[in-house]
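Number 257 in UniProt numbering belongs to position 257 of the sequence shown; there are no gaps in the numbering. One structure is given below, encoded as structure tokens.
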Amino acid sequence: NELDVTLNQLLFFPHSCERIQVTLNLDGIVQVLDYHLSDTSIGMMTRIAVLKWLYHLYIKTPRKMFRHTDSLFPILLRTLSDESDEVILKDLELLAEIASSPAGQTEEGHGPSDGSDVRPGPVELHVPARAGQLSSSSTKGLECSPSTPTMNSYFYKFMINLLKRFSSERKLLETRGAFIIRQLCLLLNAENIFHSMADILLREEDLKFASTMVHTLNTILLTSSELFQLRNQLKDLKTPESRNLFCCLYRSWCHNPVTTVSLCFLTQNYKHAYDLIQKFGDLEVTVDFLTEVDKLVQLIECPIFTYLRLQLLDVKNNPYLIKALYGLLMLLPQSSAFQLLSHRLQCVPNPELMQTTDNTKPSTSFKRTAASNIDYTELLQHFEKVQNKHLEAKHQRAGRAEQLDRRVVL
């Protein structure tokens, strides 16, 4: 039919793109593709074909296609729950194109810059004032970093709505959350993704979800090969951009005490890690808390923290690293993780035996100087404030559960 002919011309004769842009009935095309993508009875190969066509249309006629983004966006988000990994990959490629295309850049949130007939999107694409606007310090670091390409306005809307999706569909977060975020880090800029998600989670009112999401992001950050470059950037903290990113992550990571310590280990902020562990005595130590400490000990034995283990040889210049590890040891019951960390600390050499005549300062001294402009006292106060909110929320949940039990008894 006429629609197939037009699409084939667009695909196989890209040089005639300008002529086709005038005659292409995008409304009808998008309506048909939208219908097939929304129909749950449609087979996997058809859904993949639909996503490929949408991706191709966004490549060939981006400005006209962005007029349909508001109607397509909720469907694309729902498609992330598809059972097929191939469908999810194609869906993520399309969402990444929407989030990074220059055609999607808006002016003051009034829609794409192609024509005056474009209207703001529906609720699914609305950015709340509290969650959608990045703090001035975070935005400055993001815009000034030469390593982070500029994303269009749909990027932040995508991040907000993706987190909303994870919050409302916890099974999706548990089964596909890490897969989705890792793929997005390949398709988009990993620093932008972590920076924006951390800033959004900082304003998350569901503290339990915020803690779970931070734990997921931290696991991805520490274990994914896709984030090797980002880990190296955070490990040194040599640039203002890396320090800005650390502070942004830290404030959200405070939703989960153990992940906050692991971030300090990653960035070699060992004194602050020790200060945090000292605060653990004021927190409620639960089975879940000890399980996370157990997992952190297992991570310390992984290749990612090879540099940390080697720094144990330099006892004189890393006293707080050793004290922090002993702090973790004292938190643990005498389990397999306790034995593992205890054996590691037994390998720490006697500082008297490690003395040499070489007075050259270790390379870590430069890093300490470079990161000296971070206000660690303020960060520690922020950690205490966030944890107090979690404690209060937990007591409120316990109180509601107790009242419900009483009503059931009555």
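Cβ atoms here follow ideal geometry from the backbone N, Cα and C, with glycine treated the same way.
The C-beta distance from TYR55 to LEU94 rounds to 5 angstroms, short enough to fall under 8 angstroms.
For PRO62, the enclosing alpha helix (DSSP H) stretches over residues 62–65. Across the structure, LEU296 and VAL258 are spaced so that their CA atoms are roughly 8 angstroms apart. A distance below 9 angstroms separates the beta carbons of PHE155 and SER100.
The three-state reading of DSSP puts ARG47 in helix, counting H, G and I together.
Following the DSSP letters along the chain, one finds THR291 inside the alpha helix (DSSP H) bounded by residues 287–300. Residue range 319–331 is occupied by the alpha helix (DSSP H) that includes GLY327. Taking a C-beta distance under 9 angstroms as the contact criterion, TYR250 and LEU263 qualify as a contact pair.
SER153 and GLN105 have their C-alpha atoms roughly 6 angstroms apart. Counting of Cβ neighbours within 10 angstroms places ILE200 among the buried residues, the total reaching 16 or more. The DSSP-derived three-state label of GLN381 is helix. Around the beta carbon of CYS347, fewer than 16 other beta carbons lie within 10 angstroms, which makes this residue exposed. One Cα belongs to PHE383, the other to HIS36, and the distance between them is close to 48 angstroms. Counting C-beta atoms within 10 angstroms of its own C-beta, GLN278 has fewer than 16 neighbours from the protein chains shown and is therefore classed as exposed. Minimum Cα-Cα distance from ILE300 among the listed residues HIS255, THR219 and SER252 corresponds to THR219. By the CB criterion at 9 angstroms, LEU380 and LEU234 fall outside the cutoff. For the pair THR212 and THR306, the Cα-to-Cα distance works out to about 27 angstroms. In this structure, GLU226 and CYS185 form a Cβ contact; the two beta carbons are roughly 5 angstroms apart against a cut-off of 8 angstroms.
Sequence-distant Cβ neighbours of VAL214 in its own chain, meaning closer than 7 angstroms and more than five residues away, are LEU201, SER252, TRP253, HIS255, ASN256 and THR259. From the listed residues ASP85, ASN373, ASN269 and LEU207, the smallest Cα separation to ASN388 is found for LEU207. For CYS302, the number of other beta carbons within 10 angstroms of its own is below 16, and it is reported as exposed.
Shortest Cα-Cα distance from GLU86 to any of TRP53, ILE98 and ARG47 involves ARG47. Per the coordinates, the alpha-carbon of LEU340 lies some 20 angstroms from the alpha-carbon of PRO319.
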